[in-house]
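Heads up: the structure comes next, in structure tokens.
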Amino acid sequence: MAGRTGNSKVNDFVVRFANVNGTGSASANFLFTKSIFRMGIPVTPKNIFPSNIQGLPTWYEVRVSEKGYLGRREGIDLVVAVNPQSMKGDVASVMPGGYFLYDSSKMLHAEYIRSDINYIGIPLMEMCNKEFTDPRQRQLFKNIVYVGALAALLDIELGVFEQLFKEQFAGKEKLVAPNMKALNMGVDYVKANFKCPLDIRLERRDLLKDAILVDGNSACGLGAVYAGATVVAWYPITPSTSVAEAFDNYASEFRIDKETGKKNYAIVQAEDELAAMGMVIGAGWNGARSFTATSGPGVSLMNEFLGLAYFAEIPAVLIDVQRTGPSTGMPTRTQQSDIMEAAYASHGDTKHVLLFPSTPKECFDMTADAFDLAEELQTPIMLMTDLDLGMNDHVSPPFEWDDKRVYKRGKVLNAEELDKIERFGRYLDKDGDGIPYRTLPGTHPTKGAFVTRGTSRDEYAVYTEDGDAYARNMDRLIKKWHTAKDMVPAPQIYQKKNESSSGIIFFGTSTYAAEEAMDILKEKKVSVDALRLKSFPFNKTVEAFINSHDRIFVVEQNRDAQLRSLMMIELGTDANKLIPVLNYNGMPITADNIIKQVLGVLSPAPQLKKVS
Amino acid sequence: MSYIRPKFRHPGLPKNELGYTIDHYEGSLSTLCAGCGHDSISAGIVQACYELNIEPHKVAKLSGIGCSSKTPAYFLVNSHGFNSVHGRMPSVATGANLANRDLMYFGVSGDGDSASIGMGQFVHVIRRNLKMVYIVMNNGCYGLTKGQDSATADEGSKNKAGSVNHFGAIDLSSLAIELGATFVAQSFSGDKTQLVPLIKAAMKHNGFAFINVISPCVTFNNNVGSTKSYDYVREHVEATSTVDFVPEMKTITTSYEEGTVKGVKMHDGSVIQLHKLAPEWDPQDRLSAINAVQHAKAKGEILTGLLYINEESKNLHDLMGSTNIPLNTLPESVLCPGSEKLKDVNAGLR
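In the order they appear, the protein sequences are chains A and B. With our numbering applied, the first sequence covers 1 to 612. With our numbering applied, the second sequence covers 1001 to 1350.
Shown next, in the form of structure tokens:
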């Protein structure tokens, strides 16, 4: 084996699996991740998959970080290469001194031999063909054998796997034994043929406390159940499909009437995204909490309805699991590139409230918050998550629900309240906050009925083409927008007071990498103040942070620095002051990338000058 | 319409069982052209709701965009209305109905709104058998943009500007039957005697009740050579039957010739009495309904009346197994699983 420079890396490395999709590798790879999680060590997997069901290359990258960094990291320490299609790239992806684990049933082609990496050949196919007769089993157990090999190479506790198999096959216990057998085949082979463990290895820790391992889409679906969503309309699109599926799963667990067996929710797979949004708006108009989940192409189609909901003031929740655009783009890669589209969706003067979660727990919390905000503000609320957050598993703080929490249903008049009113005016600003009162169909025999419309109307919802009445309404909508600023989640600020003339702003899934970058910059004696944005419109804290620094790095995962544009438009910030830090290749942004871009502007030199 | 409706109502106007006179069911003054067929249909809806003793606030009226879609403002002033976006009323109605299954839903659309821009939603709301009355006010043209041909304009029909339509017409009724619609009727805005009982029957249907009403556009498509003009339609209408709608528990007072009467009992016990004019046609048989429509078409006639009904139909809520209680009234205690359950969820994710 090639020698490895530096010290051994305990709980700090990246393993990448190169598989063929549709071969059952996903569950084996997840087993690997979960075993590390169970050993109390921070772990972050990224599924890098094709827009395809069977036969194309797919990768699963697992980063282990004792320090708890959950962002992606460049540089692969160990590749498990079981896909001949991608072998060339997979060999090249290993860092010098790293490891290349491959199926040695066939001899490795000479062109794949590098002198600066270590090769771990295991005759996976041969071993499985000998032990198992069923072809599908041979395929599936091959995956378990390589997990077993990794267990020995990286020092994963075998008891953890046994427990995981027992949980996975609860009710089908006879499957535990053959899985353990396959696992041990891998263990035994590498122990007999290689020095175990490697210099990259694991040690049990207790760093995760009560953390959970979950994907953001499940968290959104669960959050919607907790928030009382009853009508869900959706159209299948990667990467958002599993939000609706999660809602359906959790609702079928928690929302079935015990006596009648009937559902206390309705979920419809619509004919397209237009119809999905229409259904959400119809339900919201009629007083049910309702949402849809989609991705950028769906948001494009929903623009028409988003404009209607903005103008006619109807609550709606849209979960946008962003993917790489424009157009069909890279459907299975991540990006934060729907920001502008969502903020100003639809023709005419519109502005929409956006929320930016960065962990599964925040997906849960902010989904619930979105329903409160939608009804309080009577407008669409968009939860801007992305493929990385939505579809990958993340170590997250556990979900919490305060049983004292009461749904905020907003200004809805009931029959008694209507009786006290001389004449109901749907679009009157009674409270001076720009938010009018609404009524639901069926409330009162003679009071409170009106026609909701996307055309201009007066304060009493009567159609009008009077320019003054139109302008009054548009001005009230802006007043409501200002009201929203104090209602949306406030940003997270990382320092008690400003310590630098430079600031950095990030949001969503850039957070992991940005926080790691902050630590590393600190080690390099580069001081930058940090703010994590959680919502749009920007509130005073965001504005003050920007105004109190000479330069602001704006980290985002798109080409056009869309959030930066929002700051320029909404806050009038000087473009020269806002320095874009971008990543848009479809892979989650890394700390190294952020550091490189920040240091490109801020060399550590000024700090050194001060010392001299 | 450019006239002022007198506020005066005869003090002796008859009241229905709820104690309402018919003006309680009217809407604001129509702004459509004088003589527009759509206003007659609005009047038909008013009449049907009055006669069936409907609480107006228990009705929701929805529409898309176009002349037809303006009409919800012109009937049932005490009902909530939703004039949504072009061609998308079916989805809005679907969401509204899912939220509250206890209201009655009227969807009003036009031939542009349903047969062109909204064809996708029209087709899919039929598939889902959403419980609603869906009326297309079909005039074969785009009135609000000054008379362009619509997709229901017949091939060879001439519009006001004199140009002849070269494209095949989309026959919404045949399409609806083909797609499995559970209630399909066709009528003419000029025939209130037929239209009102059809609307009443549609209101009692447990599913998607579609009424395609030929409703001439007096301004842009009422000329010689148009197949959607008043004169042309009057001359070419052929009815499947005369229709009486008999609410539950009422004795049937109309008498028909033996052998020509067919009674269809609705799920709530009310009965549609059909005095059949076409002996070979059976409204409960889809094939027979399609045949009747196509035969009439081949003869250049417009078949009106009830075309097809499946009175045992199951609506969307029935199909999905949703609760009988309106979803928008479920309390937080039913909707939110609470923190204890969340502990189990968390435990399952460790």
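Heads up, the beta-carbon is just placed ideally off N, CA and C, and yes, glycines get one too.
- When the five nearest sequence neighbours on each side are left out, the beta carbons in the same chain lying within less than 6 Å of the beta carbon of I319(A) are those of C220, V243, A293, L383, in order along the chain.
- Burial check for E1026(B): the Cβ neighbour count within 10 Å reaches 16 or more, so the residue is buried.
- As for any alpha helix (DSSP H) of minimum length 4 sitting wholly inside the region 1261-1331 of chain B, the runs are 1286-1298, 1316-1320, ordered along the chain.
- Annotation for F1188(B): the continuous beta strand (DSSP E) segment containing it runs 1183-1188.
- Annotation for P197(A): A152, L153, L154, D155 place their beta carbon closer than 8 Å to its own, counting only its chain and skipping 5 residues before and after.
- In the structure shown, L31(A) falls within a helical segment according to DSSP collapsed to helix, strand and coil.
- At a cut-off of 8 Å between beta carbons, E1332(B) contacts chain A.
- By the C-beta density criterion, V1237(B) is buried, having at least 16 other C-beta atoms within 10 angstroms.
- Excluding residues up to 5 positions away in sequence, Q1194, P1197, L1198, A1201, I1272, Q1273, L1274, H1275, G1305, L1306 lie with their Cβ nearer than 8 Å to the Cβ of V1243(B) in the same chain.
- Looking at the DSSP output, T324(A) shares a beta bridge with M330(A).
- If only uninterrupted beta strand (DSSP E) runs of at least 3 residues are considered, those enclosed by the region 534-566 of chain A are 551-556.
- S565(A) and L578(A) have their C-alpha atoms some 9 Å from each other.
- Only exposed fits D1102(B), as fewer than 16 other CB atoms lie within 10 angstroms of its CB.
- Runs of alpha helix (DSSP H) with 4 or more residues, each lying fully within the region 1020-1065 of chain B, are found at 1037-1051, listed in chain order.
- When DSSP states are grouped into helix, strand and coil, S501(A) belongs to the coil group.
- Here T230(A) really is in contact with L1327(B); their C-beta atoms are around 4 Å apart, less than 8 Å.
- Runs of the beta strand (DSSP E) lying entirely within the region 271-353 of chain A and spanning at least 3 residues, in chain order: 290-294, 316-322.
- For a Cβ distance threshold of 8 Å, nothing in chain A lies close to N1291(B): the least Cβ distance comes to about 29 Å.
- With 16 or more other CB atoms across the displayed protein chains lying within 10 angstroms of its CB, H1024(B) is buried.
- Between G40(A) and H1057(B), the alpha-carbon positions lie close to 59 Å from each other.
- In the structure shown, Y60(A) falls within a strand segment according to DSSP collapsed to helix, strand and coil.
- G1112(B) and F1122(B) have their C-alpha atoms some 11 Å from each other.
- In this structure, V1125(B) keeps its C-beta atom at 8 Å or more from the C-beta atom of I281(A).
- Within chain B, the C-beta atoms nearer than 9 Å to that of G278(A) come from S1084, V1085, R1088, M1089, P1090, S1091, V1092, A1093, T1094, G1095, Q1121, in chain order.
- Contact between N1222(B) and N1159(B) fails: their C-beta atoms lie close to 10 Å from each other, not under 8 Å.
- Measuring C-alpha to C-alpha distances from P297(A) to each of P537(A), P326(A), S502(A) identifies P326(A) as the nearest.
- Residue nearest to P398(A) within the set L354(A), E61(A), D529(A), I212(A) is I212(A) (criterion: CA-CA distance).
- Judged by beta-carbon spacing, I1135(B) lies beyond the 8 Å limit of V1233(B), meaning their Cβ atoms are not closer than that value.
- Along the region 168-240 of chain A, the alpha helix (DSSP H) occurs as fully enclosed runs of 4 or more residues at 176-193, 216-226, listed in sequence order.
- Judged by their CB atoms, P436(A) and A484(A) are not nearer to each other than the 8 Å cut-off.
- Only P398, F399, E400, W401, D402, D403, R405, V406, Y407 from the region 398-420 of chain A bring a Cβ to less than 9 Å from some Cβ of chain B.
- By the rule that beta-carbons nearer than 8 Å mark a contact, V1345(B) touches chain A.
- In this structure, the straight-line span from the alpha carbon of K174(A) to that of F553(A) is close to 56 Å.
- Within chain B, no residue has its CB atom less than 7 Å from the CB of G71(A), the nearest being about 21 Å off.
- For I594(A), the enclosing alpha helix (DSSP H) covers residues 591-601.
- Using a CB distance cut-off of 8 Å, A1060(B) counts as an interface residue toward chain A.
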